[in-house]
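These notes concern the structure reproduced below.
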Amino acid sequence: MSRIAPIHPGEILWDEFECRWENCPDWAIEIVNEHEDITPESAKRLAEHFGTSTVFWSNLQRLYERDMKNV
Numbered sequence: 000m001s002r003i004a005p006i007h008p009g010e011i012l013w014d015e016f017e018c019r020w021e022n023c024p025d026w027a028i029e030i031v032n033e034h035e036d037i038t039p040e041s042a043k044r045l046a047e048h049f050g051t052s053t054v055f056w057s058n059l060q061r062l063y064e065r066d067m068k069n070v
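Numbering (numbering that gives the first Met the number 0), first residue to last: 0 to 70.
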């Protein structure tokens, strides 16, 4: 049985929130490019920027890390 590859939170930023260089801060683009993970500070900043919660972003990162351990 094949597994689905874990999805980095940067993919969610790109696909669901349409975070592009012209409408997102540079630090968020680093997450989109998978050069950075979501930290508590960036979760707060993403929540403010997109009108979401810090828990949402923290959970995306936590789930990604969990899934990467099972690859």
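The beta carbon of each residue, even a glycine, is placed where N, CA and C say it ideally should be.
For Glu64, the enclosing alpha helix (DSSP H) covers residues 53-68. In the three-state DSSP reduction, Arg2 falls in the coil class, being neither helix nor strand. Check the Cα spacing between Glu15 and each of Leu59, Lys43, Ala4: the tightest is with Leu59.
Judged by DSSP secondary structure, Trp13 falls within the alpha helix (DSSP H) whose first and last residues are 8-14. Glu35 sits close to Trp26, with the two beta carbons spaced by under 9 Å.
Considering only Pro39, Lys43, Met67, Tyr63, the residue with the shortest C-alpha distance to Ile11 is Tyr63. The alpha carbon of Phe49 has as its nearest neighbour, out of Cys18, Arg65, Ile37, Val31, the alpha carbon of Cys18.
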